[in-house]
Amino acid sequence: MIQLLDMLPDELDEWVQSLGQPRFRAKQIFTWLHKDRVDTIDAMTNLPQKFREQLKAIATVTTMKEVTRQVSTDGTVKWLWELYDGSTIETVLMRHDYGNSVCVSTQVGCRMGCTFCASTLGGLVRNLSAGEVVEQLWHVQRFLDESDERVSSCVLMGSGEPMENYDAAMKFVDIINNPDGLQIGARHITISTSGLVPAIRRLADEKRQITLAISLHATRDEIRSALMPINRRWGIDELLDSCHYYFKQTGRRISFEYALVGGQNDDLQHARELAGLLGNLDCHVNLIPVNYVPERNYTRTPKDQIRAFVNELNRLGVNATVRREKGHDIAAACGQLRAEQGRI
Ligand code: SAH
Numbered sequence: 001m002i003q004l005l006d007m008l009p010d011e012l013d014e015w016v017q018s019l020g021q022p023r024f025r026a027k028q029i030f031t032w033l034h035k036d037r038v039d040t041i042d043a044m045t046n047l048p049q050k051f052r053e054q055l056k057a058i059a060t061v062t063t064m065k066e067v068t069r070q071v072s073t074d075g076t077v078k079w080l081w082e083l084y085d086g087s088t089i090e091t092v093l094m095r096h097d098y099g100n101s102v103c104v105s106t107q108v109g110c111r112m113g114c115t116f117c118a119s120t121l122g123g124l125v126r127n128l129s130a131g132e133v134v135e136q137l138w139h140v141q142r143f144l145d146e147s148d149e150r151v152s153s154c155v156l157m158g159s160g161e162p163m164e165n166y167d168a169a170m171k172f173v174d175i176i177n178n179p180d181g182l183q184i185g186a187r188h189i190t191i192s193t194s195g196l197v198p199a200i201r202r203l204a205d206e207k208r209q210i211t212l213a214i215s216l217h218a219t220r221d222e223i224r225s226a227l228m229p230i231n232r233r234w235g236i237d238e239l240l241d242s243c244h245y246y247f248k249q250t251g252r253r254i255s256f257e258y259a260l261v262g263g264q265n266d267d268l269q270h271a272r273e274l275a276g277l278l279g280n281l282d283c284h285v286n287l288i289p290v291n292y293v294p295e296r297n298y299t300r301t302p303k304d305q306i307r308a309f310v311n312e313l314n315r316l317g318v319n320a321t322v323r324r325e326k327g328h329d330i331a332a333a334c335g336q337l338r339a340e341q342g343r344i
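Counting from 1, one number per residue, gives the positions in the sequence shown under the UniProt record's numbering.
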């Protein structure tokens with residue numbers, strides 16, 4: 001089955017012509033899918049009946065089913081979806097004063113092995129297709145349609161390493177960015193990576209306007225390698241070189257995520273080292289007090305120590321804030337997403 005949500009306008013264009021239809025049918029279909037957000041081919045009423053029958057035999061709008069939908073006391077919503085092959089993934093809607101942000105998954109599971117993260121516990125199952133990533137956002141937008149709201153930004157920060165699924169991730173960006181579709185501006189899309197240096201350089205060369213977030217989490221190679229195995233492949237120096245290159249190519253400010261793990265990377269000396277590392281780079285640091293993952297045994301940094309850490313960074317000229325936690329009560333916070341029914 002062909003998933004219609006997986007197609008870029010150009011691809012739809014070629015495809016409808018290969019089915020013997022005029023090109024304008026492609027635009028009609030794209031609009032039905034992304035602007036009207038109908039979930040059946042039958043609902044595309046300006047397509048000839050015969051063509052609709054032909055489409056129904058070979059294509060589908062949706063491929064996944066909602067298994068659960070949980071709502072947090074802070075308004076965060078988390079979905080667990082079952083995909084066509086029985087795999088499951090999670091998607092999160094966060095409500096901020098500045099708008100609605102959606103966190104999408106890019107892989108079923110993850111193979112990066114970060115020791116503090118739930119998404120990697122069962123390893124990698126498979127990459128998602130662009131259509132499966134689009135469909136997550138599309139379902140959330142349909143949910144928001146009920147209250148006349150819209151998705152204003154999107155983060156590729158759910159389960160998986162988006163840079164390992166680069167082509168699908170970028171195709172997803174192009175589809176949701178399209179003016180005939182959801183029209184989510186590139187600057188409102190953030191891709192987060194554990195640090196795949198060649199992919200960061202590739203993204204830099206493509207000069208896209210999306211925001212790059214780097215999961216840094218440590219200032220010394222021995223600590224980072226213990227927390228994030230990928231650091232043994234590309235160390236901190238190499239990673240930061242690629243960040244400088246990214247800035248040089250795009251002029252875009254980079255976000256760094258730094259999970260404060262009690263007793264491991266959270267004292268003032270680390271804050272000073274972090275300032276030293278990032279000193280001459282235009283960036284913003286998001287500090288995330290490590291979130292609870294039952295299989296792991298990390299402790300959180302006390303509140304006043306977190307404040308001291310931020311103050312030290314700010315004093316040294318680094319732009320840093322503590323990420324407001326969302327959806328902790330429904331295991332929807334950073335690092336808590338997984339490929340199974342959530343556990344807390
Ligand atoms: N694989 C990509 C995308 C996932 S983004 C990446 O690593 O960037 C998810 C973010 O949550 C990452 O910054 C990740 O390091 C962070 N994270 C994972 N587990 C966490 C935890 N238990 N507490 C806080 N942040 C966590």
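Every residue gets a Cβ at the ideal spot worked out from N, C-alpha and C, and that includes glycine.
Taking 8 Å as the limit between beta carbons, can you name the residues of its chain near residue i, skipping five residues before and five after?
i      : result
GLU295 : ALA118, LEU121
ARG343 : A caution first: ARG343 carries a pLDDT of 49, below 50, which makes its placement in the model unreliable, though a value can still be read off. Result list for ARG343: PRO294, ALA331, in chain order.
GLY317 : ALA275, GLY279
GLN28  : MET44, ASN46, LEU47
ARG202 : TYR166
ILE189 : SER153, CYS154, VAL155, LEU156, VAL173, ILE176, ASN177, ILE210, THR211
THR321 : HIS284, VAL285, ASN286, LEU287, VAL310
PRO229 : MET112, GLY113, CYS114
ARG187 : GLN209, ILE210, THR211
PHE51  : LEU19, GLN21, ARG25
VAL23  : Per the sequence shown, the amino acid found at residue 23 is Arg instead of Val. Same-chain partners within the cutoff: ASP13, VAL16, GLN17.
LEU8   : LYS171, ASP174, ILE175, ASN178
Over the uninterrupted beta strand (DSSP E) stretch that includes residue i, give me the two end residues.
i           : result
GLN107      : 107-109
residue 346 : There is simply no residue 346 to check, as the chain begins at 1 and stops at 344 in what is shown.
VAL322      : 320-322
Below 8 Å on the Cβ atoms is my guess for residue i versus residue j; work out the distance and round it to an integer in Å.
i      : j      : result
LEU227 : PHE116 : 6 Å
SER101 : SER153 : 5 Å
LEU156 : ILE191 : 5 Å
SER242 : THR211 : Actually they are not in contact, since the Cβ atoms of SER242 and THR211 sit about 16 Å apart, beyond 8 Å.
GLY185 : HIS34  : No, GLY185 and HIS34 are not in contact; Cβ-Cβ is about 15 Å, not under 8 Å.
TYR258 : LEU277 : In fact, because the Cβ distance is near 11 Å, the residues do not count as touching under 8 Å.
GLU135 : MET64  : 6 Å
VAL125 : GLY109 : 4 Å
In terms of DSSP beta bridges, what is residue i paired with?
i      : result
HIS244 : In the DSSP output, where bridge partners are listed per residue, HIS244 has none listed.
HIS284 : SER255
ASP100 : The question names Asp, yet the displayed sequence has Asn at residue 100. Paired residues: ARG95, VAL151.
TRP81  : GLU66, ILE89
LEU212 : ILE191
LEU260 : PRO289
GLN183 : In the DSSP output, where bridge partners are listed per residue, GLN183 has none listed.
GLN3   : THR60
Residues in the same chain with beta-carbon distance under 6 Å from residue i, minus the five sequence neighbours each way, listed in chain order, please.
i      : result
ALA332 : THR76, LYS78, VAL92
GLU273 : THR219
ASN231 : ARG224, SER225
LEU268 : GLU312
ALA199 : MET163, TYR166
How is the alpha helix (DSSP H) around residue i delimited, first residue to last?
i      : result
ARG142 : 130-145
LYS171 : 166-177
THR193 : Premise fails: THR193 lies in the beta strand (DSSP E), 189-193, not in any alpha helix (DSSP H).
LYS303 : 303-315
ALA204 : 197-206
GLU161 : Here GLU161 belongs to no alpha helix (DSSP H), and DSSP marks it neither H nor E.
ARG270 : What sits at residue 270 in the sequence shown is His, not Arg. From DSSP, the alpha helix (DSSP H) with HIS270 extends over 268-278.
PRO9   : 9-18
ALA226 : 221-227
Give me, in chain order, the residues of the same chain whose beta-carbon lies closer than 7 Å to that of residue i; leave out the 5 immediate sequence neighbours on both sides.
i      : result
VAL71  : VAL77
LEU55  : ILE41
THR88  : VAL67, LEU80, TRP81, GLU82, ALA339, GLU340
ALA271 : PHE309, GLU312, LEU313
PHE247 : ILE254, LEU281, ASP282
LEU12  : ALA26, ILE29, PHE30
Considering only residues of the region 26-72, which uninterrupted alpha helix (DSSP H) runs meet the minimum length of 4 residues and lie entirely inside it, listed in chain order? 49-58, all fully within the region 26-72.
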